[in-house]
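Shown next, in structure tokens, is the structure this report addresses.
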Amino acid sequence: MRGIQLQLSQTQKLRLHKALEQLESLSSKVNSDASVTIADSIPVNHEDGVLKGHGTADLDGEVVATLCGVVERVNKLVYVRALRSRYKPEVGDIVIGRVVEVAQKRWRLDINYSQNAYLMLSAMNMPDGVQRRRTALDELNMRCIFEEADVICAEVRGFQHDGLHLQARSKKYGKLSTGQLITVTPYLVKRQKQHFHHLEDYGIDLILGCNGFIWVGEHVEARDDMIEDQVNQSDPQVLSLEEQEKNYTSLETRKYICRAANAVRVLSTLGFIITLEIIKGVIDLSLSANIDIHDMLGSEFCVLVAEKEAERRSSNKKRR
Amino acid sequence: MEYVSPEGLRLDGRRPMEMRQIRAEIGAVSKADGSAVFEMGNTKVIAAVYGPREVQNRSQQLSDKALVRCEYNMANFSTGDRMRKPKGDRRSTEISLVIRQTLEECILTHLMPRSQIDIYVQVLQADGGTRSACINAATLALADAGIPMRDLVTSCSAGYLNSTPLLDLNYVEDSAGGPDVTVGILPKLDKVTLLQMDSKLPIDILENVIQLATEGCKAIANYIREILLENTKELEYRRGS
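Those protein sequences? They're chains G and L, same order as listed.
Residues in the first sequence are numbered consecutively from 1, following this note's numbering.
Residues in the second sequence are numbered consecutively from 1, following this note's numbering.
Okay, structure coming up:
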């Protein structure tokens, strides 16, 4: 059993236990015996024909799990959905990665997959927004676009012969700055229609990468300020006072960034699913309970979040 | 020396076919992809798994399967006499190799080509049977990391002292110099993946001793399975939909 490594007082322990028990009772009605461990046989009806999916293997005509997880059935297909594991890319996923290396015509990114992913120079929009063939000069200037250790947002393009490729053919993708990167296990992030979020109340951006990398940063307007840069490029060294003002992130925003980041951290330690609504809920809870940013990682807030989540799920259940 | 008293009790008060108390815990290392602590009586081992991840040394990359690496280490404070052991001495290199080979056999490495899996096991307290404890801890850690495996490998040791087969030797019994058989099995497939013996044993008795160790392995497998299932259920209900 994965224990929560926090110093809890006796009452906090009891409250947390009660909240978790409530969560257990809420989910147990849906699927009680769907969880399997390695080498458990999965009961199937062989007469209907079975398609064995991920996480299953054949052993003497029996379907056997090769992972710890939850059995999912879609018509004939039987597969095991793994919980804690590395990210498994799917085409079209929005991911956040960190540049490991600048190589020939490409960047190599760490995206929490079993291999590094490639972002080709030709698979991304140029900063000046002009569509043209990439020249040798562009290749030499690759470090001006992304350097090692930069955090980048991109989309999964698919597998090519040499590995996983990404693309960033839109203004919304690209380098991320003025914010925090939080890494969680990928099963906590659900694939949804929208992964880019703008929290207007706090003036921050939230990107939930499918690979479990979550970005919380200052809000950037449509990310097409690059064209503006082009105009000012005549004297790039000399920044006017106004511009410096513009680049400065206000204390208020910084605080909200930290608050949102800590909300994600709390959810990740508790192992709760991470979506926009839940993160917003946690931020509001911390604000209404008047909890300092650094106290959000403490045991008291952790218990509060667990209780709140139990409440939320049970009310959702009743509504249905 | 008398290892089994006339009443049929061993030095630590166990019966000959009794195992020490086992305890396992998943998720001991927060930054690792998978981790576990495994205890057998006073033997305590921590295992951490990193990967599958990009191969660090390009020349070792395998294009059709994953590279499995294992590092066994014994903490200085794990034994009674505190000794500074040089890293990579013969004993630890051998055990690393044994653990790696046993686990590589059951990991479905062909599903993760061009990647590498690192397994680090560290002995925190040594009281005999570290080899088996390390394998059990590593299995749990691999399962926690979500790495596909054919079966759970479990391991247990057995010995033969005072003409009695003994299950799960502790340090004193281990250092008696008698035979010490370490067995590793795949419980579902009912196959042996590891068999090691120190010293000598008559062939007809060996069979009994192996049988005893296999029974021990099965008991451990049941326990590990329970722990894993409980962990999986907990992760699932906590996540919610």
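Note that beta-carbon positions come from the ideal geometry of N, C-alpha and C, so glycine has one too.
Because the structure is a prediction, the values reported are computed rather than measured.
Output the boundary residues of the alpha helix (DSSP H) element that contains residue 213 (chain L).
-> Under the DSSP assignment, residue 213 (chain L) falls in the alpha helix (DSSP H) whose first and last residues are 203–239.
Using 7 Å as the cut-off, classify the Cβ of residue 232 (chain L) as near or not near the heavy atoms of the ligand FMN, replying yes or no.
-> Here there are no bound small molecules, and the ligand FMN is not part of this structure.
Touch check for the stretch 51–68 of chain G and the stretch 138–154 of chain G: three-plus C-beta pairs under 8 Å?
-> No, they do not touch.
Given that residue 272 (chain G) touches chain L, what residues does it touch there, using C-beta distances under 9 Å?
-> 238, 239, 240, listed in chain order.
Identify whether residue 186 (chain G) lies in helix, strand or coil by the three-state DSSP scheme.
-> Note: residue 186 (chain G) maps to helix in three-state DSSP.
Going by the beta-carbon positions, is the gap between residue 276 (chain G) and residue 302 (chain G) smaller than 8 Å?
-> Taking C-beta atoms as the reference points, residue 276 (chain G) and residue 302 (chain G) fail to come closer than 8 Å.
Rounded separation between residue 226 (chain L) and residue 212 (chain L) - CA only = When rounded, the distance between both Cα atoms is 22 Å.
The stretch 8–18 of chain G contacting the stretch 187–205 of chain L, beta-carbon criterion three pairs below 8 Å | Output reads no: the stretch 187–205 of chain L does not touch the stretch 8–18 of chain G.
Give the range of the alpha helix (DSSP H) segment to which residue 155 (chain G) is assigned.
-> Boundaries around residue 155 (chain G) are those of the beta strand (DSSP E), 151–160, since no alpha helix (DSSP H) includes it.
Using CA coordinates, which residue listed in G:266, G:219, G:216, G:82 is at the minimum distance from residue 294 (chain G)?
-> Distances from the alpha-carbon of residue 294 (chain G) to those of G:266, G:219, G:216, G:82 put G:266 closest.
Which residues, in chain order, does the stretch 244–271 of chain G contribute to contact with chain L at a C-beta distance below 7 Å?
-> Contact residues of the stretch 244–271 of chain G toward chain L are 270, 271 (C-beta to C-beta distance below 7 Å).
Please name the residue in L:178, L:235, L:28 whose C-alpha comes closest to that of residue 6 (chain G).
-> Residue L:28 is the option with its Cα nearest to residue 6 (chain G).
Between the stretch 70–87 of chain G and the stretch 193–208 of chain G, do at least 3 Cβ pairs fall closer than 8 Å?
-> In short, these stretches do not touch, since the Cβ pair count stays below three.
Spell out whether any CB of chain L is found under 8 Å from the CB atom of residue 145 (chain G).
-> No Cβ of chain L is located within less than 8 Å of the beta carbon of residue 145 (chain G).
With a cut-off of 8 Å, does the C-beta of residue 86 (chain G) fall near any C-beta of chain L?
-> Output row for residue 86 (chain G): interface = yes.
Any beta strand (DSSP E) of 3 or more consecutive residues that is wholly inside the stretch 125–186 of chain L | Within the stretch 125–186 of chain L, the beta strand (DSSP E) runs of at least 3 residues that lie entirely inside it are, in chain order, 154–161, 164–167, 180–186.
Helix, strand or coil at residue 302 (chain G) according to DSSP, with G and I counted as helix | Residue 302 (chain G) falls in the helix class under three-state DSSP.
Residue(s) in a DSSP beta bridge with residue 49 (chain L) = Per DSSP, L:34, L:119.
N- and C-terminal bounds of the alpha helix (DSSP H) containing residue 136 (chain G) = 136–140 is the span of the alpha helix (DSSP H), which, as asked, contains residue 136 (chain G).
Of the listed residues G:73, G:248, G:65, G:313, nearest to residue 36 (chain G) (C-alpha basis) = Its Cα nearest to that of residue 36 (chain G), the residue G:65 stands out among G:73, G:248, G:65, G:313.
Considering residue 71 (chain G), what are the terminal residues of the beta strand (DSSP E) in which it resides?
-> Looking at the DSSP string, the run of the beta strand (DSSP E) that includes residue 71 (chain G) is 69–74.
Starting from residue 72 (chain L), trace the beta strand (DSSP E) both ways and give me its first and last residue.
-> Segment 67–74, the beta strand (DSSP E) holding residue 72 (chain L).
Taking residue 281 (chain G) as part of the alpha helix (DSSP H), name the residues at either end of that continuous run.
-> That run of the alpha helix (DSSP H) goes 276–288.
Counting along the chain, where does the alpha helix (DSSP H) carrying residue 255 (chain G) start and finish?
-> 251–270 is the span of the alpha helix (DSSP H), which, as asked, contains residue 255 (chain G).
Which residues, taken in chain order from the stretch 63–87 of chain G, show a beta carbon closer than 8 Å to some beta carbon of chain L?
-> Result list: 64, 66, 67, 68, 69, 70, 82, 83, 84, 85, 86.
Could you check the C-alpha separation between residue 189 (chain G) and residue 90 (chain G) for me, to the nearest Å?
-> Taking C-alpha positions only, residue 189 (chain G) is separated from residue 90 (chain G) by approximately 14 Å.
Taking residue 116 (chain G) as the query, report the chain L residues whose CB atoms sit under 8 Å from its CB, ordered along the chain.
-> Contact annotation for residue 116 (chain G) against chain L: 54 [CB-CB distance below 8 Å, chain order].
How would you list, in chain order, the residues of chain L whose beta-carbon sits under 8 Å from the beta-carbon of residue 23 (chain G)?
-> At a beta-carbon threshold of 8 Å, the residues of chain L lying near residue 23 (chain G) are 237, 238, 240, ordered along the chain.
Going by CA-CA distance only, name the one from L:102, L:157, L:73 that's closest to residue 85 (chain L).
-> Each of L:102, L:157, L:73 was checked against the Cα of residue 85 (chain L), and the nearest Cα belongs to L:73.
With DSSP as the reference, label residue 216 (chain G) as helix, strand or coil.
-> Here residue 216 (chain G) sits in strand by DSSP.
Simplified DSSP state of residue 172 (chain G), which is helix, strand or coil = Residue state, collapsed to three classes: coil.
Between the Cα of residue 53 (chain G) and those of G:160, G:21, G:102, G:74, spot the shortest distance and give me the residue it belongs to.
-> The residue with the shortest Cα to Cα distance from residue 53 (chain G) is G:74.
According to the neighbour-count rule (16 or more other Cβ atoms, all chains shown, within 10 Å of its Cβ), is residue 208 (chain L) buried or exposed?
-> Exposed is the call here.
Quick one, which of G:129, G:312, G:94 has its alpha-carbon nearest residue 171 (chain G)'s?
-> The residue with the shortest Cα to Cα distance from residue 171 (chain G) is G:129.
Count the other C-beta atoms from every protein chain shown that fall within 10 angstroms of the C-beta of residue 49 (chain G), then say buried if there are 16 or more, exposed otherwise.
-> Around the beta carbon of residue 49 (chain G), a 10 Å sphere encloses fewer than 16 other beta carbons of the protein chains shown; the residue is thus reported as exposed.
Contact set between residue 59 (chain L) and chain G, taken where Cβ atoms lie within less than 8 Å = Simply none; closest approach about 16 Å.
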